[in-house]
Structure formats: structure tokens, C-alpha cells
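Asker: Read top to bottom, the protein sequences are chains A and B. Okay, so the first sequence: first residue is 684 according to the working numbering, each after it adds one. Okay, so the second sequence: first residue is 684 according to the working numbering, each after it adds one. The beta carbon of each residue, even a glycine, is placed where N, CA and C say it ideally should be.
2 protein chains.
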Amino acid sequence: MYDIELDWSDNMKILGSVPAKDGFCMPGEFTLHYGCILIWPHRRDSWQNGAYAARRAFVRLIELISMSENVIVCARFEDYDEARRLLPAKVRVVEMSSDDSWARDVAPTFVTDGRTVRGIDWGFNAWGGLVDGLYFPWDKDNKIARKICDLLEKDCYDQRSFILEGGSVHTDGEGTLLTTEECLLSDGRNPSMTKEEIEHKLCETLGVKKIIWLKRGIYNDETNGHIDNICAFTSPAHVVLAWTDDKNDPQYEISKECLEILESSSDAKGRPIKVHKLPLPEPVYITAEECEGLDNMDGEPTRTAGERLAASYVNFYISNKNVIVPQFGDNNDEKALNVLRPLFPGREVIGIPTRDILIGGGNIHCITQQIPQT
Amino acid sequence: MYDIELDWSDNMKILGSVPAKDGFCMPGEFTLHYGCILIWPHRRDSWQNGAYAARRAFVRLIELISMSENVIVCARFEDYDEARRLLPAKVRVVEMSSDDSWARDVAPTFVTDGRTVRGIDWGFNAWGGLVDGLYFPWDKDNKIARKICDLLEKDCYDQRSFILEGGSVHTDGEGTLLTTEECLLSDGRNPSMTKEEIEHKLCETLGVKKIIWLKRGIYNDETNGHIDNICAFTSPAHVVLAWTDDKNDPQYEISKECLEILESSSDAKGRPIKVHKLPLPEPVYITAEECEGLDNMDGEPTRTAGERLAASYVNFYISNKNVIVPQFGDNNDEKALNVLRPLFPGREVIGIPTRDILIGGGNIHCITQQIPQT
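#1: Spell out a yes or no on whether the region 710-727 of chain A and the region 778-787 of chain A are touching, meaning 3 or more CB-CB pairs, one atom from each, closer than 8 Å.
#2: By the criterion of Cβ-Cβ separation under 7 Å, what are the contact partners of VAL776(B) in chain A?
#3: Start and end of the beta strand (DSSP E) containing ILE803(B)?
#4: Nearest-angstrom Cα distance between PRO962(B) and VAL1022(B)?
#5: List the residues of chain A that SER780(B) touches, going by C-beta distances under 7 Å, in chain order.
#6: Tell me which residue opens and which closes the alpha helix (DSSP H) that LEU744(B) is part of.
#7: Which of the three DSSP states is assigned to ILE937(A) in this structure?
#8: Near PRO710(A), which residues of its chain fall below 7 Å by C-beta distance, leaving aside the five closest residues on each side in sequence?
#9: To the nearest angstrom, how far is it from the Cα of MET695(A) to the Cα of GLU882(A)?
#10: Could you give the DSSP three-state label for ALA758(A): helix, strand or coil?
#11: Across the region 969-980 of chain A and the region 934-945 of chain A, are there enough close Cβ pairs to call them in contact, namely three or more that are closer than 8 Å?
#12: The alpha helix (DSSP H) that contains LYS823(A), what's its start and end?
#13: Taking the beta carbon of TYR840(B) as the centre, do at least 16 other beta carbons fall within 10 Å, making it buried, or is it exposed?
#14: Of all Cβ atoms in chain B, is any one closer than 8 Å to the Cβ of MET684(A)?
#15: Between the alpha carbons of ASP815(B) and PRO933(B), how many angstroms are there, rounded?
#16: Taking only beta-carbon positions, decide if ALA925(A) is within less than 8 Å of chain B.
#17: Check the Cβ-Cβ distances between ALA772(B) and every residue of chain A, and say whether any is below 8 Å.
#18: Taking CB distances under 8 Å as the criterion, tell me whether GLU746(B) reaches chain A.
#19: Indicate the three-state DSSP secondary structure (helix, strand or coil) for HIS1048(B) in the structure shown.
#20: Taking the runs of the beta strand (DSSP E) that are 3 residues or longer, which of them lie wholly in the region 974-1043 of chain A?
#21: Interface residues of chain B around LYS826(A) at Cβ under 9 Å?
#22: Could you pull out every residue in the same chain whose Cβ sits closer than 7 Å to the Cβ of GLY1034(B), ignoring the five residues on either side in sequence?
#23: Please report the residue range of the alpha helix (DSSP H) in which VAL958(A) lies.
#24: Rounded to a whole number of angstroms, what is the C-alpha to C-alpha distance between GLY802(B) and MET876(B)?
#25: Report buried or exposed for ASN808(A), applying the criterion of at least 16 other Cβ atoms within 10 angstroms of its Cβ.
#26: Of the residues that make up the region 695-715 of chain A, which ones have a beta carbon closer than 8 Å to any beta carbon in chain E?
#27: In this structure, does DSSP put ASP764(B) in helix, strand or coil?
#28: Count the CB pairs spanning the region 1038-1052 of chain A and the region 906-923 of chain A that are closer than 8 Å, and state whether there are at least three.
#29: Residues in its own chain within less than 8 Å of ARG954(B) by CB, not counting five upstream and five downstream?
#30: Under a CB-based cut-off of 8 Å, is LYS830(A) close to chain B?
#31: Could you say if the region 769-779 of chain B and the region 744-751 of chain A meet the contact criterion of at least three C-beta pairs nearer than 8 Å?
#32: Can you name the start and end residues of the alpha helix (DSSP H) that THR888(A) belongs to?
#33: In this structure, how does DSSP classify SER700(B) when only helix, strand and coil are distinguished?
#34: Where does SER918(B) fall in DSSP's three states?
#35: Kindly list the residues whose CB is nearer than 7 Å to the CB of THR1037(A), restricted to its own chain and excluding five residues on each side of it in sequence; keep chain order.
#36: Output yes or no for whether 8 Å exceeds the beta carbon distance between PRO964(B) and ALA993(B).
This is the structure:
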């Protein structure tokens, strides 16, 4: 009676091969998503006042993303009930241990061959390990990628011997990758690899053919200058670049250097890169009151009053229906949205206040990780 | 371009209604399953030697079930890597906190209307709460049902104000429910409810119309006599009953009383109940060595040497292809399989050694929970 052949899926295989050889590549963020992964914030030295305000900011963001994507939120056991209560019913909340809440950097990077989606499990060492990492230990974070593949029933490429965060690479889905030397050549990540070896690794894992190396990321960005805070593809051959006209701002030289590189670069298909300048907000500094809300967990304070935060409008998330952009209560908030609008004709460009996320050390793009739709 | 209407599922709704009113009922275990849930064992005062042997027994069971069902194993953060390593790749391992490992009693009870599957989230108090419960606290266990519904994207009936374990009820899927007074009328569960109120609750939640009340379960069963260790439906109108012919065994009177009740009962459709006697093994006692392998977590030992364990062949699991039956190295092991074989003509009846599970206080049925296929 039940001796029937059922098509049970073979859930998660750990793959020792590399995506490019299997015909897989990382699609551009602007192509269709199945959904998005986030991690419920909890770390008391990252998020002020026990993450109270950060959680509300996450909820606001998630409400927007969940209008057009399946959202999965990973919450620790002790936070599960609150996350479930604050989040819309259509959001899936799953229990998962974590050290902090940067899904972009600890969730899998997804690749696809157009039919199937697979994850890549990179090594994660909290943005620099014992050299200049931001916290210790990071073992819970380093286990998340594989668990998410298991959860989503996606096969998983084992790349744990290579340290990489998702926020340090952007692709156009057509063979071109953007990154920064400041991050990928840092002493705290893969110091034994040459630039050429790292290029080769990126090509075989992300399925790209050409890498555009910017020098540095946003001034005082504690991730060693992640690309996703300074420059992003909005479509193939089009990028936005964080920009200031203030020559006294240390950011000026950094952005100018990026501009020169980009304007003299072509993409994997030979097209010149068209750069759209995205204004930066006036420098944002953390207040003494905000610093007091950060618990001191490991002997040294996370931030000091007056420290400049790495605020940038480039750290947006491209959801299926919306582009969701950080806002800082700055005169340039609206200007930034207006730069982005013509670049995303099929989507509504929406700003949301994210100072409470910025204090944690990143922004909208850093706390999200898209899952491609096939 | 992406302004398209996508059929995003509305994942988990918490339902305040009751299944019967919505046309849902609990199917018989012998109907087709989508899959099966288990919880990776870890509790050091339940499972000897840090659950070493129990884990191997779980793996053996899971390998069999996963031949014909999707198996989901819930593992604590600290056990995840080992579970993933020991289990077949096709098994899905998800992180979930738990107090112990009795999926039958803490996972949702699933109901269906033939098209959709929903879960019921009962209250759980470790088999008797502060009256005669088996451990404290039990808060992690009590949160599992809802989390599994979220994980499986099933709507969830909130019945947390009613204390019930899945192992205390069996249904034929055609309106009849089997249970024991020893358990459901115990002081540690729902002492403020009358028997009639409990009957009403079972009817409206499990979609049954007739309840057959046995008096007591297996002798010295610490669950207050769960039905799933003494009597089970093998098909509508057919049950197996744990049986001994030894009049000096305290179990004799219990089984005889059950037999009399069953033989004078008819099911919801008016059919007489046909009872198939399933021999018990010779009494099984825990050894001093086994007791020494149980850590003492809360001030009193879980078991004492020479204590009789609630061994019974009735605690089998009906998977899509197999009926998987406990074996104790007893003369009756093969006899029990031969009683079951003609009752499950479409399935292979397989025995596996489960003493290492029995020591924990239950057996195969207690550590599994099926998810119906629709």
C-alpha cells in the first residue's frame, strides 16, 4: 500500500567542488529574489540599550522587505518570543545562535545556475580575527551559513578555509566583481594568499571573470572598508559611488581615488563603468549618550563619544519591489533618494531612518542577505 | 520590471479557533506521512554516558525512517555539529533548544482537513509539572511546538492552556480516540477539568467523536501511563495490546482490565474493536552500571539500580515503508514482530535494539512525531 517511490529531496550536500566549475555564479542583487535573511539583534556592546531601538528599526525594514520577499529571521533561543511577537506573521522566525547580527557577512552567499540555488559557506573571523577583529569569540557566527543551507535545503560549498564576508564583494551577475584592497588584502583575513590567488578564488567561487579593485572603503569603516558601504552596482555597467565635495574631509581623497579607478575600468563584457555619485551625509558622530547605552562586554568600549560613524547611503537593500535606503536626518537624505530613483525604474526607492542600525557598525545592506529566485 | 504579484506564503498564523470546527482532525499514524520530527538526545540525567549510546540508537532509527520520509532533527546549538556529522545528508538538522528529546510529547500534534496540515501547540509540563513531573524547568520543551510550526510554515492552534502530550492519545483517523485515565485525569495535568470537559477538549481539538478510556498504562511507566506504550491502533477497529500471561506480574491485572474494556467497546463508526495481544518482554531492569552512566542533575537520581523499566513492543513507529519496533534481546522479540506483520500487510516490520532509548524513559514512538502528507 505504501510501497511507493516518493520524491524525497536529498536535503543538504556539502560540496567540495567550486561553483564556477559547476556552472554557478552569484547573481546581481537587482535580479529577482526568493527572499531575504536577517538576524535578530542582541549583542549588548553592538546595539545600544539592549538593542531596543535597533530591534524596532529591524522590524520597520523587515516589514518593507516582506512586502515582496520571503523573510527569514534567525533569533537566539532567548530572543525568539520577542522576535515572533514584534514581526509580521508572514515572516518566518527560526531559532539560531549567533554572536551578532550581520547576515550579509555570516549567512551564505548564494549562487545559481539559473535552475538551482546553492550556498557558499565562507570562513568568518569577525572582520579580522585576532589581528583586528571586532569581537571574540565568533564561533556561533561562523556556523550560521551551513545551518541556513540546511534549513533552506540548499547544497553548500565548503569554503571555510577562505575568510570572506558577503559585504566585501558586489557583483553585476554578468562576470564583474567589485571589491576593495583595504579589506581583501588585509592582514586579518587571508594573509598567506597573494592578490592573484585571491582573484582566482573569487573567480572560481563567485563565477566572475573580472575584478575591479578599489583601494579603500568608507573612512573609519571598521570592516576594513567593505565595498558595500562605498560602491554598488545598480545594474550592469552602472554603479553608485559614495561621494563628498568637501576637500577637507578625509573621505574626499578616498572617493576621488575610487572614481578614477572606476572611470578607467570596463566590466567583464567590455562596457565602460558609468559612475553615479551618491552624496554622503554630513559626517555622523556617535553621542556620549549613545555610547553609554553600549554595554562593555570584553574589557574595552566598542565606541567613544564623538567617534565618526561610517554613514553612507550606498548601504541600501534592493528588494523585489523596493530599494530601501538608509536615512540620517541629513540634508542629503532626499538628494540620495533622488539619485537612486532613475537608476531603479522598476522599483520604489524608499528611505527609512537607520541611525539605530548605524550605531551597531553597519546599515541596511549589512544586516540583509538575499536568496535568489530561480 | 519587478512590480509583479508573487505568491508569497503567509507562513505561520496562530489560530484561536479549534480544529474540529475548521474541519480538521488527527489522522491515524498508519496513513501517509510527509515526514517525521525527532530531537537529538543530550540530557545527561536521561541518557547514560552523555547520550553516547542513545545517539547511535537514534541514528539507526533515523536511517530507517529516512528511507521513506523527510526527517527533521532538532539539535541544540552545542550538539548541532555532531548531529550533522552522524546523520545522513538527506536528513535536515535544525538548531533548536530543548530540555530533553521526546518529540512525541513536545512537537506539535498535526491535524489535517485533507488539503492542509496544521499543528496543535499543547501545554507541556514535563509529565506532571510540580506535582509529579520528571524534570524542571521545561520551558525550552514547551516552546518547541510553535517553533516547529514556524519552521514548517504550518498554521498553529494555540492550546497551551491545556496540558497534553502526544504520547497520551492515539486515533484511528476515523473519529475514535484511545487514551488512559491514569494519564489524562492525573493531578499534574488538568486537575480543574472534569472528565467530560477533557472529552470535549479532545473531540474539538483532535476531531474525534468517541473516546475509549483505558484505566492504566504500562506498569511503572513514569509518564503516568501513556497510551502509546500499552495500546495502539494498527488500522481502524484493530488495536494491539501489550500482554503478559504471568499472573504474578503486576502488569497482568492492568492488561486484563484493558482487554475487557476494549472487547466491550465499539469505535466511532460502531465497529467492535478487534484486540491483538502483543506479548511483553520479560521484565527489564536497569543495571547498576547503567545507573552510574546517568548524571545527577537536580539533586536526586533519575533511576536506581534494579528499577523496572517500562519496556513494551507497542512503542513502535509506523513509517511509510516500515513499522519499526523496539527489541530488547528477549525471547519475545521475534514473536512481537510476528504478531505485527499480518497487521501491516503493506509494510515491512523491522525490529531494532532500543535498550539505550528505553533507559531514557520511553521508546521509538516517544521520540518520533509524524507529519501527515496531504
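Answerer: Short version:
#1: Enough Cβ pairs lie closer than 8 Å, so yes.
#2: ASP833
#3: 800-806
#4: 9 Å
#5: Residues of chain A passing the Cβ test: PHE760, GLU778.
#6: 731-748
#7: Judged by DSSP in its simplified three-state form, ILE937(A) adopts helix.
#8: THR795, GLY856, PRO1055
#9: 28 Å
#10: strand
#11: With the cut-off at 8 Å, the region 969-980 of chain A and the region 934-945 of chain A do not touch.
#12: 822-825
#13: Label assigned to TYR840(B): buried.
#14: For MET684(A), the predicted structure reports a pLDDT of 43, less than 50, and the residue's modelled location is therefore unreliable. A value from the coordinates is still provided. It does; some Cβ of chain B falls within 8 Å.
#15: 21 Å
#16: no
#17: It does: the Cβ of ALA772(B) has a partner Cβ on chain A nearer than 8 Å.
#18: no
#19: helix
#20: 1005-1010, 1031-1036
#21: Within 9 Å of the CB of LYS826(A), the CB atoms of chain B belong to PHE760, TYR763, ASP764, GLU778, in sequence order along the chain.
#22: VAL1008, GLN1010, ASP1016, LEU1020
#23: Taken as a continuous stretch (DSSP letters only), VAL958(A) belongs to no alpha helix (DSSP H), being part of the beta strand (DSSP E) at 957-962.
#24: So the two alpha carbons sit approximately 23 Å from each other.
#25: buried
#26: The chain labelled as chain E is not found among the protein chains of the depicted structure, namely A and B.
#27: helix
#28: They touch, by the three-pair rule.
#29: The answer, listed in chain order, is PRO919, ALA920.
#30: Nearest CB-CB separation between LYS830(A) and chain B: below the 8 Å threshold.
#31: no
#32: 878-889
#33: coil
#34: strand
#35: ALA740, PRO1009, GLN1010, ASN1046, ILE1047
#36: no
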